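6 protein chains.
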Amino acid sequence: MSRIDGRTPEQLRPVTIQRRWSKHAEGSVLVSFGDTRVLVTASATEGVPRWRRGSGQGWVTAEYSMLPRATNDRTDRESVRGKIGGRTHEISRLIGRSLRAVIDYKALGENTIVLDCDVLQADGGTRTAAITGAYVALADAVTWMQREKKIIRAKAVPLTGTVAAVSVGIVDGVPLLDLAYEEDVRAETDMNVVCTGDGRFVEVQGTAEGQPFDRKELNSLLDLAVAGCADLDAIQRTALADLTQA
Amino acid sequence: MSRIDGRTPEQLRPVTIQRRWSKHAEGSVLVSFGDTRVLVTASATEGVPRWRRGSGQGWVTAEYSMLPRATNDRTDRESVRGKIGGRTHEISRLIGRSLRAVIDYKALGENTIVLDCDVLQADGGTRTAAITGAYVALADAVTWMQREKKIIRAKAVPLTGTVAAVSVGIVDGVPLLDLAYEEDVRAETDMNVVCTGDGRFVEVQGTAEGQPFDRKELNSLLDLAVAGCADLDAIQRTALADLTQA
Amino acid sequence: MSRIDGRTPEQLRPVTIQRRWSKHAEGSVLVSFGDTRVLVTASATEGVPRWRRGSGQGWVTAEYSMLPRATNDRTDRESVRGKIGGRTHEISRLIGRSLRAVIDYKALGENTIVLDCDVLQADGGTRTAAITGAYVALADAVTWMQREKKIIRAKAVPLTGTVAAVSVGIVDGVPLLDLAYEEDVRAETDMNVVCTGDGRFVEVQGTAEGQPFDRKELNSLLDLAVAGCADLDAIQRTALADLTQA
Amino acid sequence: MSRIDGRTPEQLRPVTIQRRWSKHAEGSVLVSFGDTRVLVTASATEGVPRWRRGSGQGWVTAEYSMLPRATNDRTDRESVRGKIGGRTHEISRLIGRSLRAVIDYKALGENTIVLDCDVLQADGGTRTAAITGAYVALADAVTWMQREKKIIRAKAVPLTGTVAAVSVGIVDGVPLLDLAYEEDVRAETDMNVVCTGDGRFVEVQGTAEGQPFDRKELNSLLDLAVAGCADLDAIQRTALADLTQA
Amino acid sequence: MSRIDGRTPEQLRPVTIQRRWSKHAEGSVLVSFGDTRVLVTASATEGVPRWRRGSGQGWVTAEYSMLPRATNDRTDRESVRGKIGGRTHEISRLIGRSLRAVIDYKALGENTIVLDCDVLQADGGTRTAAITGAYVALADAVTWMQREKKIIRAKAVPLTGTVAAVSVGIVDGVPLLDLAYEEDVRAETDMNVVCTGDGRFVEVQGTAEGQPFDRKELNSLLDLAVAGCADLDAIQRTALADLTQA
Amino acid sequence: MSRIDGRTPEQLRPVTIQRRWSKHAEGSVLVSFGDTRVLVTASATEGVPRWRRGSGQGWVTAEYSMLPRATNDRTDRESVRGKIGGRTHEISRLIGRSLRAVIDYKALGENTIVLDCDVLQADGGTRTAAITGAYVALADAVTWMQREKKIIRAKAVPLTGTVAAVSVGIVDGVPLLDLAYEEDVRAETDMNVVCTGDGRFVEVQGTAEGQPFDRKELNSLLDLAVAGCADLDAIQRTALADLTQA
């Protein structure tokens with residue numbers, strides 16, 4: 001029994017990472033997980049927020065947003081409603097924490113990198129695509145900072161590892177990797193997992209959408225996710241090694 | 001080596017659940033996990049939000065908030081700042097999802113229950129105390145609705161199970177149950193786990209605060225959390241069986 | 001003819017003042033006027049708002065709020081609506097002015113005390129209970145500041161007097177002290193009076209809810225209020241003298 | 001010893017009431033108390049707010065605002081700051097209550113009158129000038145409604161009386177009527193009194209700005225205010241009787 | 001065929017400019033274009049916004065607003081709605097740009113002038129009346145600054161020219177100057193033109209309300225507008241030369 | 001003397017219009033004017049805003065926004081600031097008016113089309129690119145509505161013409177077509193012109209950034225703009241005729 005798009009349960013959708021998408025940003029990536037497309041820009045600036053000044057340490061933060069018609073039905077803009085919704089807040093915080101897990105603040109020095117993740121088209125897995133793309137944009141921004149001598153400490157290595165994320169879920173009793181939207185709405189359990197390149201966990205967020213899930217199901221989902229993140233790690237490395245995009 | 005308050009790693013703080021705290025609400029609980037105190041009220045009303053009207057199904061939602069001086073330093077009110085912060089949104093959503101996991105919407109009928117969780121004093125674990133207390137307030141509100149004939153379907157059982165929540169974390173390499181604030185700020189990994197009374201998972205939210213965590217650490221945290229939730233389940237049952245509070 | 005709860009017209013409801021309610025705040029009081037319960041915390045911090053810097057003078061301010069289900073029907077949170085209502089603003093300002101009436105800003109030095117008055121349960125007279133409790137929390141905070149050497153001027157006495165407040169009103173033609181909610185909604189005239197311990201007035205706010213009131217009615221209400229404030233003053237003194245709460 | 005503008009303690013500033021100031025509004029008045037100038041418009045519309053529909057009763061409400069440079073220093077617009085300040089809320093509520101005191105809701109029928117009070121120039125007493133002018137604008141709007149057959153009940157008399165307001169205060173130990181700004185900032189006690197034409201009270205709001213005030217001072221202020229309101233009542237009657245403005 | 005008020009197509013409505021309307025502002029004007037009445041105050045203060053500090057250059061900005069009942073139907077206040085509408089923003093920006101066109105920032109020095117344009121009564125052409133009146137208020141404020149030695153550079157001439165504005169439009173195929181509201185709603189094309197006293201353009205904003213307009217129509221409208229601005233320029237000069245208002 | 005990118009004064013930048021960019025929207029276009037890239041989606045839904053219900057007429061509106069790093073320096077999100085800026089409002093309104101100029105509301109029936117114009121990369125002329133692209137997205141949405149029988153009136157032709165927009169300006173005394181950002185910041189006069197396919201004007205918005213401009217300069221800019229719009233009209237027709245994108 002195959003999935004709606006013919007994938008096997010443990011297969012990612014086609015993933016593409018297009019670097020240097022924007023002429024202005026220090027790092028920029030158009031990342032696709034199937035029909036999900038997220039534009040990520042990394043903006044590097046000197047200085048840090050007020051509460052961190054004088055610490056000698058940098059800061060990395062993220063903002064996630066969806067264009068109004070990224071989805072099947074149009075959603076009102078949060079700027080028009082005048083406030084940011086809970087889902088947006090939650091995902092922005094998740095992306096920020098995930099990327100900060102591979103940053104050495106001291107090595108970064110008192111600089112700030114803001115990762116803007118704007119979903120141009122949504123088809124499930126927007127937050128995991130955003131994290132996976134944001135890592136590449138972040139790496140490019142750090143390289144830019146080193147080249148431009150914005151990182152002043154000699155031999156400083158601001159990036160301590162790599163990070164990628166994928167969704168997993170149980171649909172009709174079968175654990176599946178990288179859910180498309182149609183699968184996601186039918187999932188009994190939904191989990192987002194953020195891993196470092198060495199297979200350890202940065203975030204594990206599992207939610208029972210229907211029935212509660214047991215330890216065995218949890219384990220099978222974690223197995224799928226760890227393997228999926230390893231695949232994404234390879235795709236990220238290939239993109240970063242692509243000299244035509246450097 | 002014992003903990004700051006003398007507990008063993010797998011021990012909960014003293015937990016108390018005081019029902020019927022408010023004369024107005026259909027269910028109300030003052031819940032304490034050590035020095036953490038949360039006032040939970042369950043407000044039951046006829047009718048459902050617009051998007052659910054005519055479905056024959058009910059709705060359960062939650063709002064979490066902290067009093068300004070629940071914490072060691074005073075925090076500005078969100079009403080004064082004019083917007084709700086990301087953390088508040090995130091926790092409100094978590095509480096709502098957790099309680100909805102044990103609700104049969106059809107059995108509830110077109111009624112709404114709002115769980116207000118206001119933290120009067122914070123000392124770590126406010127969201128898990130809120131969920132644990134909210135279950136008891138919810139159960140009291142459902143009983144009230146049945147007694148007052150607000151649940152119109154014969155033999156309807158709106159509550160399909162019980163739910164409790166606890167935090168776990170790794171501090172100085174040791175997995176600990178139910179972190180107090182001082183432990184929480186030092187934790188390398190922090191996890192909130194929501195379980196049903198039969199030991200299955202509703203939510204698993206693990207975050208690496210420092211180093212990423214591996215599968216073995218994850219497993220030891222899950223073991224602790226499942227046992228802790230079973231203890232909380234017993235405390236909830238005792239509180240609900242207490243005829244002096246009925 | 002007695003009142004709904006058996007009181008005489010000139011009798012207060014049972015008033016309790018529980019000090020040291022919170023472990024974090026410099027002063028904290030759970031005050032009850034019958035079923036009305038208000039948690040007041042006094043937060044003392046060094047420094048003053050920008051417009052007062054360099055003046056050598058301190059500042060005292062207050063914020064009043066109701067929990068959503070403090071009342072019989074649930075009210076939406078002001079943080080959710082994104083703005084503070086007129087009634088909340090008005091009461092916060094009244095509490096602040098009342099407490100500032102007994103503060104010597106110079107003696108306080110450039111320190112700020114914020115009084116947070118959160119109504120946990122409402123049954124009429126929430127603003128007067130808040131003021132009465134806030135005085136005790138303020139006194140405890142000032143004592144804390146003196147003990148901690150935050151008040152640097154020798155022999156400075158920041159508190160110049162005591163302050164308490166009570167509501168009075170005319171119900172069915174009879175002037176009554178300390179209206180419960182059921183009486184309040186039936187009152188033709190409603191008045192809140194804030195007095196110092198020596199029986200002088202800090203605030204007099206009388207409103208005709210139905211018919212305008214005449215000078216004689218006004219005088220009888222003022223008589224009741226002055227006597228009620230004297231009773232509250234004694235209760236405050238007893239609470240502050242209670243060494244078990246010190 | 002005379003006042004800064006040569007008045008006696010019990011004398012009003014020159015008061016003018018110019019009716020029909022606006023061509024659009026059903027009632028409109030430019031009212032001056034000395035250099036304080038308030039433009040009041042009364043907008044009458046069919047229908048009432050949602051919570052009052054089907055009651056057969058009308059509604060009257062008020063909004064107060066200051067132009068940015070009505071005062072000596074420019075104040076930011078509340079529309080620019082995105083929220084209404086506490087003082088504005090408080091005064092709007094006071095004006096609304098004061099006018100509702102002389103309205104028979106049933107006679108008005110399900111119609112709404114909104115009184116917009118915009119301070120064009122401020123020199124003390126803006127709220128009392130607003131109330132005094134609003135009564136005249138309201139009377140004109142009610143007359144318009146009767147003429148246009150918007151009041152459908154035969155012989156209905158929506159206005160049950162007249163209302164006017166004045167400030168009083170103690171400056172340098174002397175009770176004064178109708179304080180100008182310079183006097184207001186120096187007042188030890190400040191009181192706003194709203195009276196009906198028959199000398200009864202609708203609102204009494206007294207505040208100790210410096211020292212608390214005693215019963216004797218309160219009485220002398222009330223005496224002044226009652227006499228001042230009677231003078232204002234005469235001026236209102238004259239304005240309403242002026243056929244050249246009808 | 002004459003217009004609704006008997007004017008010829010190329011005729012302005014009666015225009016009056018009353019200076020010194022407010023006792024507080026450095027410049028203040030009540031300007032009328034027929035029944036359109038706008039109160040403009042110019043507030044001059046030392047210092048400039050943060051982004052301009054240290055530049056040695058001044059700043060001029062404007063805020064436009066309508067009283068709720070300036071129009072035939074009452075409009076909700078933007079302060080109550082909590083946000084400024086698009087039309088308000090657009091007109092404020094237009095007024096600011098128009099006045100800045102005749103300001104020499106260096107000559108002004110690090111001072112700011114804010115032009116508040118509050119529409120007391122609207123009957124078409126409120127933005128053009130505001131600009132025309134604002135120029136006079138600005139000129140008075142600059143004169144005040146020179147007299148008060150706020151302009152510190154010797155021989156500095158902050159005002160480099162004069163500016164006025166008028167609306168034009170095509171109604172029933174006929175190009176008309178200075179549209180009243182009734183004409184404005186029927187106009188196929190609507191244009192606002194801001195000119196300097198020497199007949200050059202600062203702003204040209206033409207909009208097809210119904211059919212697109214052609215080059216010939218555009219030219220006839222520009223001809224009308226240039227002549228109308230010249231008339232307004234003369235009226236401004238007369239007002240500024242009026243010693244009784246100086 | 002050629003321009004920074006080698007163009008002649010009357011030459012457009014390379015313009016591309018990529019249809020069917022999004023899988024969800026009824027019309028969607030990625031439009032580029034040189035390095036300026038705008039994603040436009042047209043969302044067609046049944047029904048109209050409340051104020052238009054029952055009229056039998058449709059509605060078309062637009063919202064413009066910039067991604068935070070569309071520009072050289074990162075701009076804060078309007079959703080984070082909690083309010084929409086004046087520039088955004090102004091451009092959204094301009095786009096909406098421009099498209100409505102070629103809509104027959106009756107033919108559209110009670111349907112609404114929302115044009116979301118999100119600037120992914122900005123290099124001058126974002127509003128003119130948005131209008132030019134929005135026309136194509138609108139045309140596709142109308143075609144979709146006809147195919148899906150959402151347009152119920154037989155032979156109804158909702159689109160009455162075509163519309164395109166271009167910027168022009170005077171740089172170093174030379175009138176130039178389609179300014180890139182670097183040219184735009186140096187322009188003395190800046191004008192945006194919206195034309196229909198038959199060369200008539202929908203909007204003309206000219207602003208003197210430095211010196212006021214005279215009639216001759218205005219005419220030369222209008223000549224350039226009309227020719228540029230004709231070029232854009234041809235590019236739009238080619239895109240719409242491209243069967244590979246249909």
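Protein chains in written order, with the UniProt record's numbering: chain A, 1 to 246; chain B, 1 to 246; chain C, 1 to 246; chain D, 1 to 246; chain E, 1 to 246; chain F, 1 to 246.
We treat Cβ as the ideally placed atom computed from N, Cα and C, and that holds for glycine.
Please read all numbers here as calculations on a predicted model, not as lab measurements.
Element boundaries [alpha helix (DSSP H), containing residue i]
i	result
Q236(B)	215-241
S79(F)	78-81
R127(A)	126-147
V185(C)	181-186
Endpoints, the beta strand (DSSP E) within which residue i is located
i	result
I17(A)	15-19
Q211(F)	No beta strand (DSSP E) holds Q211(F); DSSP gives it neither H nor E.
L176(C)	174-177
Closer than 7 Å at the beta carbon, the chain A residues around residue i
i	result
D118(F)	L67
6 Å CB neighbourhood of residue i in its chain, flanking five on each side removed
i	result
L177(D)	E10, V168, L224, G228
A156(A)	A107
F33(C)	R13, V15, G125, A129
D184(D)	G124
W144(F)	E26
DSSP beta-bridge partners of residue i
i	result
N192(F)	S167(F), Q205(F)
G27(C)	A42(C)
W59(F)	T112(F)
L99(F)	In the DSSP output, where bridge partners are listed per residue, L99(F) has none listed.
D118(F)	L39(F), S65(F)
S32(F)	T16(F), R37(F)
L159(F)	I103(F)
Within chain F, the residues that residue i reaches when beta carbons sit closer than 7 Å
i	result
A187(E)	By Cβ distance, chain F contributes nothing, its closest Cβ being about 14 Å from A187(E), past 7 Å.
Residues that residue i contacts on chain D, provided the C-beta gap is smaller than 8 Å
i	result
G82(E)	G82, K83
Chain-ordered neighbours of residue i on chain F, where CB pairs are closer than 9 Å
i	result
E209(A)	Result: empty, since nearest Cβ-Cβ is about 23 Å, beyond 9 Å.
G86(E)	I84, G86, T88, H89, E90, S92, R93
Residues near residue i by beta carbon distance below 7 Å, same chain, minus five either side
i	result
L30(A)	Q18, W21, R37, L39
L218(A)	G206
8 Å Cβ cut-off: residues of chain C touching residue i
i	result
A156(B)	Correct list: empty, because the minimum Cβ distance to chain C is about 23 Å.
heavy atom of the ligand PLP below 6 Å from residue i C-beta
i	result
M145(A)	Although the ligand PLP was asked about, the structure shown includes no ligands whatsoever.
Cβ shell of residue i (< 8 Å), same chain only, five flanking positions each side left out
i	result
G199(A)	V226, C229, A230
Under 7 Å by beta carbon: chain B residues contacting residue i
i	result
P212(A)	A101, T196, R200, F201, V202
State whether the region 61-68 of chain D contacts the region 94-111 of chain D, with contact taken as three or more CB pairs (one from each stretch) at a distance under 8 Å.
yes
Would you call the region 198-208 of chain C in contact with the region 197-210 of chain D, where contact means no fewer than 3 C-beta pairs closer than 8 Å?
yes
Taking 8 Å as the threshold, find out whether the region 85-93 of chain C comes into contact with the region 133-141 of chain C through three or more Cβ pairs.
no
Per the contact definition of three or more C-beta pairs closer than 8 Å, is the region 111-124 of chain B in contact with the region 68-75 of chain B?
yes
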